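As structure tokens, the structure follows; a few thoughts come after it.
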Amino acid sequence: MTIATYILFAAIVVCALWTVQASIVRAALGLAVVSVLLSVLMFQMGAPLAGVFELSVCAGLITVVFVSTISMTARLDAEASKALRAVRAKRFRPAIVAVACIGALLWISSYARDVSPVIGETAETVREVLWGPRRLDLVGQIIMIFVGVFGVVVLFKEKREKEIGR
Amino acid sequence: MGALLVLLPLLGVVLLNLPLGKLAEKLALPLGGVLCLAQAAVILAAPASFWDQALFLPGGVSVAELFHASFPVDSLARVMFLSIATVGFCSGLVAKYTMADEQTQFRFANLLILALAGLNGIILVRDLLGLYVFLEITAVASFVLIALERGKAAFDGAFKYLVLSAVATAMIVAGLALLFIVAGSTSFDAVAEALKTSGSSQLALAAVAFFLCGLAIKAGLVPFHGWLPTAYASAPSAVSVLLAGIVTKTSGVYTLIRLVDAVFGYGPAVRQVLLVGGLVSIVVGALGALGQKDMKRMLAFSSISQMGYVVLGLGAGPGLGLAGAIFHLFNHSIFKTLLFVNSAAVEQQSGTRDMDKLGGISAKMPVTGTTSVLAMLSTAGIPPLSGFWSKLLIVAGVWQAGHPAFSAAAVIASVLTLAYFLSMQRRVFFGKVADSCAGLKEASAWGLVPALLLAAITVGLGVTAPWLFQTFLLDVGSIL
Chain E
0 MTIATYILFA AIVVCALWTV QASIVRAALG LAVVSVLLSV LMFQMGAPLA
50 GVFELSVCAG LITVVFVSTI SMTARLDAEA SKALRAVRAK RFRPAIVAVA
100 CIGALLWISS YARDVSPVIG ETAETVREVL WGPRRLDLVG QIIMIFVGVF
150 GVVVLFKEKR EKEIGR
Chain H
0 MGALLVLLPL LGVVLLNLPL GKLAEKLALP LGGVLCLAQA AVILAAPASF
50 WDQALFLPGG VSVAELFHAS FPVDSLARVM FLSIATVGFC SGLVAKYTMA
100 DEQTQFRFAN LLILALAGLN GIILVRDLLG LYVFLEITAV ASFVLIALER
150 GKAAFDGAFK YLVLSAVATA MIVAGLALLF IVAGSTSFDA VAEALKTSGS
200 SQLALAAVAF FLCGLAIKAG LVPFHGWLPT AYASAPSAVS VLLAGIVTKT
250 SGVYTLIRLV DAVFGYGPAV RQVLLVGGLV SIVVGALGAL GQKDMKRMLA
300 FSSISQMGYV VLGLGAGPGL GLAGAIFHLF NHSIFKTLLF VNSAAVEQQS
350 GTRDMDKLGG ISAKMPVTGT TSVLAMLSTA GIPPLSGFWS KLLIVAGVWQ
400 AGHPAFSAAA VIASVLTLAY FLSMQRRVFF GKVADSCAGL KEASAWGLVP
450 ALLLAAITVG LGVTAPWLFQ TFLLDVGSIL
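In order, the protein sequence lines correspond to chains E and H. For what it's worth, numbering that gives the first Met the number 0 labels the leading residue of the first sequence as 0, then goes sequentially. For what it's worth, numbering that gives the first Met the number 0 labels the leading residue of the second sequence as 0, then goes sequentially.
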């Protein structure tokens with residue numbers, strides 16, 4: 000690992016911590032920044048396609064969906080917002096300490112070095128993997144799209160009908 | 000031929016969403032019912048060789064060639080397909096009984112059929128990544144189903160399930176990634192082979208631990224059970240039937256059984272975790288059930304406890320323990336579905352699930368009352384009902400595997416099961432008719448047919464259990 004990789008890791012951790020403690024719009028933007036940094040890391044570690052997916056879907060599309068959804072919500076009043084901010088900051092502190100302790104333990108132990116990675120299907124190109132051995136997963140994705148469509152219909156459609164009725 | 004069980008539901012959803020107008024709304028629930036009945040009929044009638052035959056698509060390409068995968072259907076898979084079909088069918092009937100407008104029924108039926116495809120996919124795949132894909136399909140369909148009738152409680156239940164399920168997914172994907180490093184493949188066989196040679200590595204152990212925790216969340220086992228009572232209680236009745244009857248059982252418990260049996264193996268550490276986890280779930284679930292006022296929440300805690308028995312049986316390893324675990328998984332999917340059908344009938348007729356406000360319902364709803372007693376006795380393990388035989392096999396299997404203390408604790412804990420169910424029966428069905436229940440009427444045929452069907456299976460399996468044991472269960476337990 001190079002120094003640039005360490006810097007990227009550190010930047011990701013800092014942004015992630017900021018994300019879980021920020022207000023909801025800033026959290027969405029913080030998540031986007033984490034995804035951008037993660038895609039740079041992926042490029043650097045030799046996984047350009049994974050980086051492109053991360054950048055376009057996670058940093059791009061998902062951020063747009065989050066910000067659009069947040070724009071439909073009402074803003075909290077100042078007092079409630081202040082109270083929530085205090086709770087939000089506290090809520091994640093034990094998690095941060097726990098993750099840091101587990102990370103330190105794993106770093107000290109040689110857990111990741113007792114097995115040498117086996118290179119299997121990664122040797123083929125992504126296109127061959129996706130349209131060859133992983134074709135069944137595409138059927139799964141089609142079913143997932145149907146489920147997603149019904150999710151949107153169930154959660155949003157009738158609301159609009161009620162609004163029109165009102 | 001197994002691939003049909005995923006492809007036909009997918010085709011069904013496509014057909015339902017053609018521009019057929021009101022006709023599609025009328026056809027949706029019957030189509031869901033027909034798919035479930037067809038699945039049950041094929042499982043019961045077709046010989047084992049039927050599943051080995053290749054399925055050819057128009058153009059002469061076989062499905063196995065197209066998807067670069069085989070879809071083996073063994074005894075365990077057949078048991079699961081049968082419970083999925085039975086519970087799915089009963090859930091459709093309950094939807095007809097409890098959901099007022101056709102549009103909600105249409106949406107429910109579509110999601111039921113998609114969940115059916117997801118559940119069948121979980122049973123069919125022999126690849127960790129494929130398993131993850133179908134687990135996610137089932138989970139997302141479940142979130143939407145819980146929130147189907149909206150309202151604060153429904154969103155609360157769906158959100159809790161969503162968050163906990165996301166944690167489970169993160170753990171499963173982390174485990175999957177680590178196993179991919181170890182094996183270089185995600186197929187069950189390749190990973191099992193790799194774990195045989197490097198199973199003692201810390202990386203492999205971490206991967207297995209991640210997987211077990213993820214599946215424990217999906218199964219709602221203690222200490223990962225926080226989402227389950229809220230999700231079951233806040234979902235519409237037909238969805239509670241589906242969730243309790245088959246969704247958590249397939250995505251959590253079946254997957255656990257399959258992966259331990261075919262991939263992780265019965266190592267001493269895995270067995271110890273399963274035995275302790277199972278016993279803790281039995282006791283905590285039963286104690287939780289004792290303190291509930293809401294009928295569905297009580298049944299949810301009871302599910303946690305009963306799934307503890309299945310995990311305990313799995314911890315005993317192949318043979319009697321595993322046979323008992325699989326038998327109890329099937330039995331529980333039947334009698335817990337029956338109890339949720341009864342709860343749906345009580346809620347639909349009386350307008351409440353608060354057990355303190357109900358009383359003496361058996362006098363007004365005799366069929367619901369009688370079937371509920373049968374389900375209750377079977378859950379508590381009273382002979383000769385089906386639950387007795389499966390619990391007996393589990394207790395004997397755990398004893399045989401050299402864990403008499405666990406075995407004895409499981410027997411003592413079943414007294415707790417009897418205690419919370421007797422409390423429910425006394426408060427809801429027996430005694431003096433409560434003033435609020437004076438004008439109650441028995442549920443309609445849509446609510447009674449599933450109750451009678453499930454009660455008949457519970458009694459039938461109990462009576463034929465010794466024969467089943469010789470012909471089928473030992474084969475399943477020794478394994479597959």
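All residues carry an ideal CB built from backbone N, CA and C; glycine is no exception. Just so it is clear, the structure is predicted and the values come from calculations on it, not from any experiment.
Within 10 Å of its beta-carbon, does W388/H have 16 or more other beta-carbons around it, so buried, or fewer, so exposed?
W388/H is buried by the Cβ-count criterion.
Whole alpha helix (DSSP H) runs in the stretch 316–404 of chain H with 4 or more residues, listed along the chain?
The qualifying runs are 319–349, 360–363, 365–378 and 385–399.
Against chain E, which members of the stretch 92–118 of chain H pass a CB distance test of less than 7 angstroms?
Answer in chain order: R106, N109, L110, L113, A116 and G117.
Note the first and the last residue of the continuous alpha helix (DSSP H) segment covering K95/H.
Start and end: S74 to T97.
Compare the beta carbon distance of F142/H and L113/H with 8 angstroms and say whether it is the shorter of the two.
No, these two residues do not count as a Cβ contact at 8 angstroms.
Is the shortest distance between the beta-carbon of L19/H and the beta-carbons of chain E less than 8 angstroms?
Closer than 8 angstroms: no.
Between the beta-carbon of E24/H and the beta-carbon of F154/H, is there less than 8 angstroms?
No. Outside cutoff.
Going along chain H, which residues have a C-beta under 8 angstroms from G45/E?
Within 8 angstroms Cβ-Cβ: nothing; G45/E doesn't reach chain H, min ~15 angstroms.
Does any C-beta atom of chain H lie closer than 8 angstroms to the C-beta of G131/E?
By this cut-off, G131/E is an interface position.
When you check each C-beta in the stretch 139–156 of chain H against every C-beta of chain E, which residues fall closer than 8 angstroms?
Within the stretch 139–156 of chain H, the qualifying residues are V139, A140, F142, V143, A146, L147 and R149.
In chain order, what residues of the same chain lie with their CB nearer than 7 angstroms to the CB of G368/H, ignoring the 5 residues before and after it?
The residues are I360, S361 and F428.
If we count the other Cβ atoms within 10 Å of its Cβ and call it buried at 16 or more, is W106/E buried or exposed?
So W106/E ends up on the exposed side.
Using DSSP with H/G/I as helix, E/B as strand and the rest coil, what is S304/H?
If DSSP states are grouped into helix, strand and coil, S304/H belongs with the helices.
For the alpha helix (DSSP H) containing R277/H, list its first residue and its last residue.
The sequence shown places Gly at residue 277/H, rather than the Arg named in the question. First-last of the alpha helix (DSSP H) with G277/H: P267 to L289.
What residues of chain H sit near V153/E, judged by a beta carbon separation below 7 angstroms?
Result: R106, V143, A146 and L147.
Please check if any C-beta of chain H sits within less than 8 angstroms of the C-beta of V19/E.
With 8 angstroms as the cut-off, V19/E does not count as an interface residue toward chain H.
Determine, for V117/E, whether the minimum Cβ-Cβ distance to residues of chain H falls below 8 angstroms.
For V117/E, the answer is yes, since a Cβ of chain H falls inside 8 angstroms of its Cβ.
I'd like the span of the alpha helix (DSSP H) that includes C35/H, first residue to last.
Unbroken alpha helix (DSSP H) run through C35/H: K21 to A44.
Given that R134/E touches chain H, what residues does it touch there, using C-beta distances under 9 angstroms?
Chain H residues near R134/E: L65, F66, H67 and A68.
Just checking: is the beta-carbon of I101/E within a distance shorter than 8 angstroms of some beta-carbon in chain H?
Chain H contact via Cβ: absent.
Tell me the rounded alpha-carbon separation between R125/H and M71/E.
C-alpha separation (whole angstroms): 43 angstroms.
Measure the CB-CB distance between T336/H and V240/H and report whether it falls below 8 angstroms.
Yes, Cβ-Cβ distance for T336/H and V240/H is below 8 angstroms.
Going by CA-CA distance only, name the one from F210/H, L54/H and T85/H that's closest to F70/H.
When each option's Cα is compared against that of F70/H, the closest is L54/H.
Among V72/H, A76/H and C89/H, which one has its Cα closest to the Cα of G32/H?
Per the Cα distances, C89/H.
Going by the beta-carbon positions, is the gap between A232/H and K159/H smaller than 8 angstroms?
No, they are not a contact pair.
What does G147/E reach in chain H if we use C-beta pairs closer than 8 angstroms?
Within chain H, the residues near G147/E are V139.
For S28/E and A10/E, what's the separation of their Cα atoms in angstroms?
According to the sequence shown, residue 28/E is Leu rather than Ser. Taking the straight line from one Cα to the other gives about 15 angstroms.
How big is the Cα-Cα spacing for S82/H and G147/E?
Each residue's Cα considered, the two are about 26 angstroms apart.
Mind the definition here: the stretch 265–278 of chain H touches the stretch 240–253 of chain H only if three or more C-beta pairs lie below 8 angstroms; say whether that holds.
As far as the Cβ criterion goes, the stretch 265–278 of chain H does not touch the stretch 240–253 of chain H, which means the pair count is below three.
Classify P449/H: buried if its beta carbon has 16 or more other beta carbons within 10 angstroms, exposed otherwise.
The residue in question, P449/H, is buried, as its Cβ has 16 or more Cβ neighbours within 10 Å.
Nearest to V152/E by CA position, among L110/H, L123/H, L130/H and G183/H, is which residue?
Residue L110/H is the option with its Cα nearest to V152/E.
In chain E, which residues lie with their C-beta within 9 angstroms of the C-beta of V283/H?
In chain order: nothing, as chain E lies at least about 23 angstroms away.
Assuming the contact rule is C-beta atoms closer than 8 angstroms, L320/H and I256/H should be a hit. Round their C-beta distance to whole Å, please.
Before going further, note that residue 320/H is Gly rather than Leu in the sequence given. That belief does not hold up - the Cβ atoms of G320/H and I256/H are roughly 11 angstroms apart, past 8 angstroms.
Quick one: grab the DSSP three-state call for S197/H.
In the structure shown, S197/H sits in a helix (DSSP, three-state: H, G or I).
Assign D126/H to one of three DSSP states: helix, strand, or coil.
Strand.
Given that I167/E touches chain H, what residues does it touch there, using C-beta distances under 9 angstroms?
In the structure as shown, chain E begins at 0 and stops at 165. Residue 167/E is therefore absent and cannot be evaluated.
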